[in-house]
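Undergrad: Handing you this structure, nothing more for now.
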Amino acid sequence: MDIYAKIGVRQRINAAGSLTRLGGTLMPEDVLDAMRAAAGASVDMAELQEAASNVIARATGAEAGMVSTGAAAALTLGTAACLAGYNVHRMERLPDTTGMPNEVVICRQHRTGYDHAFRAAGAKLVEIGLNDRWTGSGVRGVEDWEFDAVIGPNTAAIAYTATKHDEPPLERVARLAERHKLPLIVDAAAQLPPAANLKRIIAAGATLVAFSGGKAIRGPQSTGILAGKRDLIASALLQMLDMDVAPETWAPPKLIPRDKLNGVPHHGIGRGFKAGKEEIVGLIVALERFQGIDWDAENKAVEGRFQRMAQRLGGAGFATRLIPATETGRQPWLEVAIDKTKLGLDAHGASKALQQGNPPVHISERRAAEGYLVIDPMSLNPADDATLVDRVIALARSA
Ligand SMILES: *Cc1c(COP(=O)(O)O)cnc(C)c1O
Numbered sequence: 000m001d002i003y004a005k006i007g008v009r010q011r012i013n014a015a016g017s018l019t020r021l022g023g024t025l026m027p028e029d030v031l032d033a034m035r036a037a038a039g040a041s042v043d044m045a046e047l048q049e050a051a052s053n054v055i056a057r058a059t060g061a062e063a064g065m066v067s068t069g070a071a072a073a074l075t076l077g078t079a080a081c082l083a084g085y086n087v088h089r090m091e092r093l094p095d096t097t098g099m100p101n102e103v104v105i106c107r108q109h110r111t112g113y114d115h116a117f118r119a120a121g122a123k124l125v126e127i128g129l130n131d132r133w134t135g136s137g138v139r140g141v142e143d144w145e146f147d148a149v150i151g152p153n154t155a156a157i158a159y160t161a162t163k164h165d166e167p168p169l170e171r172v173a174r175l176a177e178r179h180k181l182p183l184i185v186d187a188a189a190q191l192p193p194a195a196n197l198k199r200i201i202a203a204g205a206t207l208v209a210f211s212g213g214k215a216i217r218g219p220q221s222t223g224i225l226a227g228k229r230d231l232i233a234s235a236l237l238q239m240l241d242m243d244v245a246p247e248t249w250a251p252p253k254l255i256p257r258d259k260l261n262g263v264p265h266h267g268i269g270r271g272f273k274a275g276k277e278e279i280v281g282l283i284v285a286l287e288r289f290q291g292i293d294w295d296a297e298n299k300a301v302e303g304r305f306q307r308m309a310q311r312l313g314g315a316g317f318a319t320r321l322i323p324a325t326e327t328g329r330q331p332w333l334e335v336a337i338d339k340t341k342l343g344l345d346a347h348g349a350s351k352a353l354q355q356g357n358p359p360v361h362i363s364e365r366r367a368a369e370g371y372l373v374i375d376p377m378s379l380n381p382a383d384d385a386t387l388v389d390r391v392i393a394l395a396r397s398a
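Sequential numbering from 0 applies to the sequence shown in numbering that gives the first Met the number 0.
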């Protein structure tokens, strides 16, 4: 049964990546089975998060971890942990950070639409560096003195957005954070695959790292991972868990050291980000499954699909280029050139037509400004490959 058709919603072909606005990933059957099995019983959510912590710690090499409701929520909770630590009064006050260190230092080229997540905890972003490499106006990246100049008694953390190139190098920023005794929070939401990034970021010196659960890990769309130092994970977890507890009977798991708390926290800033038991279990199973994937074999299969698609597209006059995983840093992509003089549409125009067609087709617009649509296999069901190609070829026919 098509549940979506039943409620009047169209299914879409997604070759744009595991985009949240298209529902994220396509969950594997074993993850769904685990979620169904988890739904029918009551558990202590803190105990469940402690079990998740053990799985995440093994996967990432971090001391501890927790399941959040997405990487963005993980960034907010990680920031809240850096701001409040185990101070119950500070937990209670967030996002009001009056009178406490609240500045999070971030390089200008690491600002993204997701950095609202840091600010949501009550932090104030302090931007450093110029953007010479991006604008082509110069050759220099951010230098250590630029961090040193703004770090002071009001600094609570350094934020870092991981990319394929990691500029400035993560190891260097980690050393600098350590020198200043500051936590380093890394947004690595979409830096999987390669699976090696699960461990690499902590190994490079990140204090906390956020990954999406609903992208390549193929867990529930509304999950994420926060991994890192045990004390910060415990603080973050306390600020998310339901805290309607009687102090007389509250029995938190070992992950939460009650003796380090000067009281029992009320509901924290993350109370609205609650991860459900089904989602936590789903993420655990998906994470273990993800670690078992043979990416060479996976990428070879994708390349085979792309070669077949490229052949048909080429026959219809579309120039394509298969970009290997070594170049994308993730999975292989198939770039399709949109020739405006032939189609009468530029890449955004072609994308809009595809999205509004039947069935609606989404191809990544990440390079549309340069005249290309990019087929991303992450959330593309192989059964839809042929229809996707039909729809692109139909664009040329109607031109
Ligand atoms: C996707 C993404 C996020 C948000 O992840 P969610 O799991 O959807 O909350 C944050 N940062 C970056 C760089 C991302 O790509």
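Beta carbons: idealized from backbone N, C-alpha and C, even for Gly.
Please classify residue 3 as buried or exposed, where buried requires at least 16 other C-beta atoms within 10 Å of its C-beta.
TA: That one is exposed.
Undergrad: Report the option in 47, 48, 64, 89 whose CA atom is closest to the CA atom of residue 55.
TA: Of 47, 48, 64, 89, the residue nearest in Cα terms is 64.
Undergrad: If you run the structure through DSSP and keep just helix, strand and coil, what is residue 186?
TA: Strand.
Undergrad: Measuring straight from C-alpha to C-alpha, what distance separates residue 284 and residue 230?
TA: One C-alpha to the other measures close to 25 Å.
Undergrad: Whole-angstrom Cβ separation of residue 157 and residue 141, contact assumed at under 8 Å?
TA: So it is not a contact: roughly 11 Å between Cβ atoms.
Undergrad: Locate the beta strand (DSSP E) running through residue 412, then write down its first and last residues.
TA: Outside the shown range of the chain, which is 0 to 398, sits residue 412, and nothing can be said about it.
Undergrad: Whose CA, out of 246, 94, 297, 294, lies closest to the CA of residue 122?
TA: When only C-alpha atoms are compared, the closest one is 94.
Undergrad: How about the stretch 306–319 and the stretch 75–89: do they share at least three Cβ pairs that are nearer than 8 Å?
TA: Segments in contact, no.
Undergrad: If residue 337 and residue 352 are in contact, beta carbons under 8 Å, what's the gap, nearest whole angstrom?
TA: Residue 337 to residue 352, Cβ: 11 Å. No contact.
Undergrad: Please determine, among 11, 291, 44, the residue with the shortest C-alpha to C-alpha distance to residue 278.
TA: Considering only alpha carbons, the answer is 44.
Undergrad: Along the chain, where does the alpha helix (DSSP H) containing residue 307 start, and where does it finish?
TA: Taken as a continuous stretch (DSSP letters only), the alpha helix (DSSP H) holding residue 307 covers 294–314.
Undergrad: Indicate, with yes or no, if ligand 1 has a heavy atom lying under 7 Å from the CB of residue 186.
TA: Checking every heavy atom of ligand 1 against the Cβ of residue 186, one is found closer than 7 Å.
Undergrad: Any heavy atom of ligand 1 inside 7 Å of the beta-carbon of residue 120?
TA: Not under cutoff, so the answer is no.
Undergrad: Counting beta carbon pairs with one atom in the stretch 184–204 and one in the stretch 164–172, are three or more of them shorter than 8 Å?
TA: Judged by Cβ distances under 8 Å, the stretch 164–172 makes contact with the stretch 184–204, as three or more pairs qualify.
Undergrad: So if DSSP puts residue 379 in a beta bridge, which residue, or which two residues, is it bridged to?
TA: Partner(s): none; residue 379 has no beta bridge.
Undergrad: Taking 7 Å as the cut-off, is the CB of residue 409 close to at least one heavy atom of ligand 1?
TA: Absent from the model: residue 409. The displayed extent of the chain is 0 to 398, so no value can be given.
Undergrad: How far does the beta strand (DSSP E) with residue 332 in it extend, from its first residue to its last?
TA: From DSSP, the beta strand (DSSP E) with residue 332 extends over 332–336.
Undergrad: Is it true that the stretch 256–270 meets the stretch 25–38, where meeting means three or more beta-carbon pairs spaced less than 8 Å apart?
TA: At 8 Å Cβ cutoff, the stretches do not touch.
Undergrad: Since residue 277 is in the alpha helix (DSSP H), which residue starts that stretch and which ends it?
TA: Its alpha helix (DSSP H) spans residues 276–290.
Undergrad: Distance check for residue 228 and residue 61, CA to CA, integer angstroms please.
TA: Those two C-alpha atoms are separated by around 7 Å.
Undergrad: Just the Cα atoms here: how many angstroms apart are residue 186 and residue 160?
TA: Those two C-alpha atoms are separated by around 5 Å.
Undergrad: Give a single yes or no on whether residue 70 has its beta carbon closer than 7 Å to a heavy atom of ligand 2.
TA: With respect to ligand 2, the structure shown offers nothing to examine, as its ligands consist of ligand 1.
Undergrad: Buried or exposed: residue 389, going by 16 or more other Cβ atoms within 10 Å of its Cβ?
TA: Residue 389 should be labelled exposed.
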